[in-house]
Amino acid sequence: MSGEVILYGDMMSQPTRCIVWFCKLNKIPLKFENIQLSKGVQRTKEYKAKMPLGKVPLIEHNGFLLYERYLGATFNVAEPWWSGDLKRRAIIDQYLDWHHGGTRIAAQMIFAKVMAPAQGINVSGDQLKTSIGKLEFALDTLEKVWLKNDEFLTGAKPSVADLSAVCELMQLEMIEYDIFKNRPKLEKWYRSMSKVEHFQEVTAVFQKVSALFREKNRSKLIIEITTIKHWYIIRVISNRTKTEKAS
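Structure follows, in structure tokens:
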């Protein structure tokens, strides 16, 4: 299908990076309109006329506004990033459905540790511990379910599912959260995806901001995350031990 694709987004946004990466890999013409979230551009009257929810990314194609981020069907993208094979596409869709309540949980951690303090929002210790528990479960699911038998999330080759997951998980680099501990398959997969064409280009803005943030907050963040994470692990082991004794 012809026609220019206009993407309204912010390169600090996970799904925005995913779309840009996907388009570059598949040579889909793309015009990028920068919607700076840090400056509140997404809340302006002009932008909300296009996207009433005030979120990014937003795709505009031939005058049609799309809130979703996948262009595979529209541009007939072939293997490996999308698939004409109904069975493989079903597996890709299956991951993408899980992604929003699974891998996307990483966003809660970034909100709690980065966005909330910047906006003067208080996040309680219990809320943070709950987010950590959900994140650890999601990471274990990636390791033990999605990567159990294959090198990539939906099979022997990467797809848009892998692009989406990597763009999400890399957010955790800002707070130096160790997603690879006891997860060798996840680490191998992540290293493989970081070598995919256009990765450095698409993540350049995020990497720069992330490095500056880590340098400014390094000692405080490591102490807090390590302490909370260890508390969570100890609590789980303790509960499991009690359960085993009870049985």
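In this text, residue positions in the sequence shown follow our numbering: the first is 1204, and each later residue adds one. Heads up, the beta-carbon is just placed ideally off N, CA and C, and yes, glycines get one too. None of the values given here were measured: they were computed from a predicted structure.
Residue i, enclosing alpha helix (DSSP H) - first and last residue
i, result
"Leu1366", "Val1363 to Leu1372"
"His1302", "Leu1289 to His1302"
"Phe1235", "Unbroken run through Phe1235 is the beta strand (DSSP E), Leu1233 to Asn1237; no alpha helix (DSSP H)."
"Ile1222", "Gln1217 to Leu1228"
"Glu1390", "Pro1387 to Met1396"
DSSP state of residue i mapped onto helix, strand, coil
i, result
"Tyr1211", "strand"
"Phe1314", "helix"
"Ile1324", "coil"
"Ala1252", "helix"
"Gly1336", "helix"
"Leu1356", "coil"
"Leu1268", "strand"
"Val1412", "helix"
"Lys1351", "coil"
"Ser1466", "Lying before the first or after the last residue shown, residue 1466 is absent from the chain, which here runs from 1204 to 1450."
"Thr1406", "helix"
"Lys1258", "coil"
"Thr1344", "helix"
"Lys1306", "In the sequence as displayed, the identity of residue 1306 is Thr instead of Lys. Looking at Thr1306 - three-state DSSP - the assignment turns out to be helix."
"Glu1400", "coil"
Nearest candidate by alpha-carbon position, reference residue i, set the options
i, options, result
"Leu1240", "Phe1340, Trp1224, Lys1411 and Thr1219", "Thr1219"
"Ser1334", "Pro1283, Asn1420 and Phe1314", "Phe1314"
"Glu1346", "Lys1253, Phe1383, Cys1370 and Ala1364", "Phe1383"
"Arg1292", "Lys1248, Val1363, Ile1308 and Ala1309", "Val1363"
"Trp1284", "Ile1378, Lys1230 and Thr1406", "Lys1230"
"Arg1417", "Asp1329, Tyr1380, Glu1249 and Asn1325", "Tyr1380"
"His1302", "Ser1397, Ser1327, Val1348 and Lys1411", "Val1348"
"Asp1353", "Ile1294, Gln1311, Asn1265 and Asn1237", "Ile1294"
"Lys1234", "Asn1265, Lys1332 and Ile1378", "Asn1265"
"Asn1237", "Ser1216, Phe1402 and Cys1226", "Ser1216"
"Leu1268", "Glu1282, Lys1253 and Val1280", "Lys1253"
"Asp1296", "His1401, Arg1394, Gly1358 and Phe1402", "Gly1358"
"Cys1221", "Lys1419, Leu1415, Asn1420 and Gln1403", "Gln1403"
"Lys1398", "Asn1385, Met1214, Lys1419 and Pro1361", "Pro1361"
Neighbourhood of residue i by C-beta, 6 Å cutoff - its chain only, sequence neighbours within 5 removed
i, result
"Lys1242", "none"
"Glu1376", "Ser1413"
Contact set for residue i: own chain, Cβ-Cβ below 7 Å, skip 5 residues either direction
i, result
"Pro1232", "Glu1207 and Val1208"
"Ile1426", "Low local confidence applies: a pLDDT of 33 at Ile1426 is under 50, so the model's placement there is unreliable, with the coordinate-based value given in what follows. There are no such residues."
"Leu1299", "Ala1364 and Ser1367"
Own chain partners of residue i with C-beta closer than 8 Å, once the 5 adjacent residues on each side are dropped
i, result
"Leu1350", "Leu1356, Lys1388, Leu1389 and Trp1392"
"Thr1306", "Ala1341, Leu1345, Ser1367, Ala1368, Glu1371 and Leu1372"
"Ala1319", "Asn1325 and Val1326"
"Gln1330", "Ala1315"
Beta carbon of residue i nearer than 8 Å to that of residue j
i, j, result
"Ile1262", "Leu1228", "no"
"Ala1368", "Leu1338", "no"
"Phe1340", "Met1373", "no"
"Val1223", "Gln1245", "no"
"Lys1248", "Gly1257", "no"
"Ile1378", "Lys1332", "no"
Span of the beta strand (DSSP E) around residue i
i, result
"Ile1382", "Premise fails: Ile1382 is in no beta strand (DSSP E) and is neither H nor E."
"His1264", "Leu1261 to His1264"
8 Å Cβ cutoff, residue i in contact with chain B
i, result
"Asn1325", "Looking at the structure shown, chain B is missing, and only one protein chain is on hand."
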